[in-house]
Ligand code: AGP
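In the numbering used here, the protein residues as written are 11 to 624.
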């Protein structure tokens with residue numbers, strides 16, 4: 011995942027930036043770069059594809075000298091990993107440089123505007139538009155204070171960003187803005203720093219300022235001026251953090267699980283960016299892990315997976331059948347390997363695994379290969395056993411997932427499978443994604459929708475009080491939201507040790523309805539979709555038996571929310587992506603219930619992150 015570091019002060023910036031980037035390496039990246047403002051008034055940018063060693067070799071050959079600088083590690087989203095796409099990005103004059111984490115949702119119209127006035131773009135990234143737009147605005151208003159220009163340009167950007175801007179015309183100053191991805195300032199003696207993660211700052215200072223969304227900062231060696239984007243002053247007192255190295259990696263969150271839930275808007279973008287251009291609708295065949303020809307020729311798909319990954323497979327079945335009209339079976343790996351599995355060359359076997367090391371899934375894929383079936387792994391850990399075993403890898407780019415309860419790996423699996431469904435649709439001659447397709451627009455909007463879902467946290471925290479004492483909880487959903495209900499139940503079970511079950515809402519009347527009384531909380535997914543009316547009737551059956559109903563509904567819901575005891579309004583998005591957004595409140599609910607019960611959220615009893623035994 012992308013990392014940011016910046017320095018302003020009396021020391022040479024380059025070694026500080028490189029050290030900061032090294033400390034951010036664990037997040038994963040595919041290119042890196044720094045920009046340093048020299049005493050001659052020129053900004054020197056050094057960038058390189060690949061590991062930091064490539065960058066440092068270039069820096070050693072020609073060390074840039076200067077006391078203000080910014081550095082970045084990039085994990086490709088818009089555009090492939092390459093030197094041109096690496097940050098920092100410059101404007102056409104080369105005097106404005108920018109590093110950016112996140113996604114600029116409206117970069118295309120802004121880029122078109124700038125291209126029309128002859129601004130030459132040099133990368134495929136959305137981030138370059140920030141530098142170019144600032145440069146163009148400076149050219150239009152040469153007398154305007156630089157900070158004002160940055161502020162005005164940023165207020166035209168929609169989407170998510172943590173941005174640091176440096177101008178050759180304002181030495182000793184960095185501008186920092188946040189809307190979504192984390193960014194933290196480090197306050198030193200006669201120097202100040204900025205980074206996307208406190209880990210990069212702790213060797214210099216423990217006095218940190220955690221910025222909030224909408225903050226805009228003018229940072230010099232001696233001052234920190236925080237305002238809102240509209241210029242209104244904001245107060246952000248520094249906090250002295252007592253962290254050790256491991257705690258620091260949590261980036262200020264109390265648990266890895268909380269951090270990983272919060273990272274979802276960013277990691278879904280990274281998962282998409284490697285595989286599909288939102289601009290053109292073209293898939294990268296290499297990144298999809300399977301050829302269109304194979305997808306056109308197969309008679310069916312069999313998914314093998316365990317736990318949360320198995321739930322992702324169930325959503326994938328729904329999408330592949332609906333969008334690409336290919337029959338899909340989803341099996342538990344541990345069952346598949348001990349059955350007559352009847353797969354062969356015309357069955358694509360898809361193994362889903364966050365760790366890539368789960369013994370049952372490794373064994374299931376090995377059996378499938380032995381039977382002559384082509385195999386694909388939806389895997390988060392590059393180089394893992396499954397990544398090495400399968401014929402092709404459809405990688406999720408969730409970054410390291412430390413919390414035992416899987417969260418961001420699940421949502422990236424859902425995104426990867428949605429992409430596979432549209433890729434298979436094209437391969438099977440059922441239609442291709444044209445620019446502007448609602449699915450592409452849904453993908454572009456996904457990070458914002460996830461951010462809105464995360465904003466439900468205070469309401470969910472409140473709700474967790476009532477659920478913390480429950481003995482059992484029933485989760486209901488239909489269609490693609492049935493597996494989301496299963497996942498919600500698994501999360502609660504795993505980390506709070508409350509018994510929970512997920513059920514298809516329409517199946518409830520065939521048994522579980524016997525459990526319903528005033529003591530049993532029922533958490534129901536009722537988004538506005540083709541099955542909404544059916545779900546609403548099922549939920550009336552719950553209320554008729556005095557069940558305590560918590561309903562997740564779409565904005566403007568007029569039915570279920572009138573009789574549910576508690577309602578959470580979940581942002582609406584393209585139907586193929588709705589499960590990605592709908593699961594977030596359930597992750598947060600499990601997290602807060604577990605915290606309230608004093609459970610070890612990151613390392614629940616009896617569970618391992620990677621189950622390498624049968
Ligand atoms: C998820 O919260 C669980 N810890 C577990 O069910 C997990 O999804 C399962 O063990 C499969 O792991 P994998 O994705 O690494 O193969």
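Glycine residues also receive a C-beta, built at the ideal position from the N, C-alpha and C atoms.
Same chain, Cβ closer than 7 Å to residue 628, neighbours up to 5 away in sequence not counted: Only positions 11 to 624 of the chain appear in the structure, and residue 628 is not among them; the question remains open.
Identity of the residues DSSP links to residue 109 by a beta bridge: 174
Exposure label - residue 402; buried when at least 16 CB within 10 Å: buried
Contact the segment 148 to 163 vs the segment 110 to 119: 3+ CB pairs below 8 Å: no
Residue 498: CB within 7 Å of a non-hydrogen atom of the ligand AGP: no
Bounding residues of the beta strand (DSSP E) (the contiguous stretch that carries residue 81): 78 to 84
Alpha-carbon spacing of residue 491 relative to residue 535, whole angstroms: 7 Å
Terminal residues of the beta strand (DSSP E) in which residue 511 lies: 509 to 514
Those runs of the beta strand (DSSP E) which lie wholly inside the segment 299 to 337 and span at least 3 residues: 310 to 315
Residue from 43, 290, 457, 563 whose Cα sits closest to the Cα of residue 59: 43
Burial state of residue 601, where buried means 16 or more other Cβ atoms lie within 10 Å: buried
Inside the segment 181 to 231 only - alpha helix (DSSP H) runs reaching at least 4 residues: none
Expected contact under 8 Å - CB spacing of residue 338 and residue 313 to nearest Å: 6 Å
Presumed contact (8 Å Cβ cut-off) between residue 138 and residue 132, rounded CB distance: 7 Å
Option nearest residue 553 by Cα separation, candidates 575, 466, 244, 233: 575
Closest residue to residue 61 among 88, 55, 53, 96 (Cα-Cα distance): 96
Best match in 318, 430, 407 for proximity to residue 302 [C-alpha to C-alpha]: 430
7 Å CB neighbourhood of residue 209 in its chain, flanking five on each side removed: 33, 34, 258, 259
Presumed contact (8 Å Cβ cut-off) between residue 239 and residue 165, rounded CB distance: 5 Å
Buried/exposed call for residue 3, threshold 16 Cβ in 10 Å: No statement about residue 3 is possible, as the shown extent of the chain runs from 11 to 624 and does not include it.
C-beta atoms of residue 46 and residue 23 nearer than 8 Å: yes
Cα-Cα separation, residue 343 to residue 369: 9 Å
Residue 389 in three-state terms, based on DSSP: strand
N- and C-terminal bounds of the beta strand (DSSP E) containing residue 531: 531 to 536
Local Cβ density within 10 Å of residue 616, reported as buried at 16 or more and exposed below that: exposed
For residue 482: DSSP bridge partner residues: 509
From 183, 354, 142, residue whose alpha carbon lies closest to that of residue 155: 183
Straight-line Cα distance separating residue 613 from residue 289: 41 Å
Alpha helix (DSSP H) segment containing residue 357, residue limits: Taken as a continuous stretch (DSSP letters only), residue 357 belongs to no alpha helix (DSSP H), being part of the beta strand (DSSP E) at 357 to 363.
Within 8 Å, strictly: CB atoms of residue 194 and residue 212: no
Beta-carbon spacing of residue 147, residue 159 below 8 Å: yes
Pairwise C-alpha distance: residue 470 and residue 415: 18 Å
Cβ-based neighbour list, residue 267, same chain, cut-off 7 Å, excluding 5 preceding and 5 following: 413, 415, 417, 601, 611, 612
Residues of its chain near residue 609, where Cβ-Cβ distance is below 8 Å and the 5 sequence neighbours each way are ignored: 505, 506, 507
Residue 587, enclosing beta strand (DSSP E) - first and last residue: Segment: none, residue 587 is in no beta strand (DSSP E) and carries neither H nor E.
Residue 617: CB within 7 Å of a non-hydrogen atom of the ligand AGP: yes
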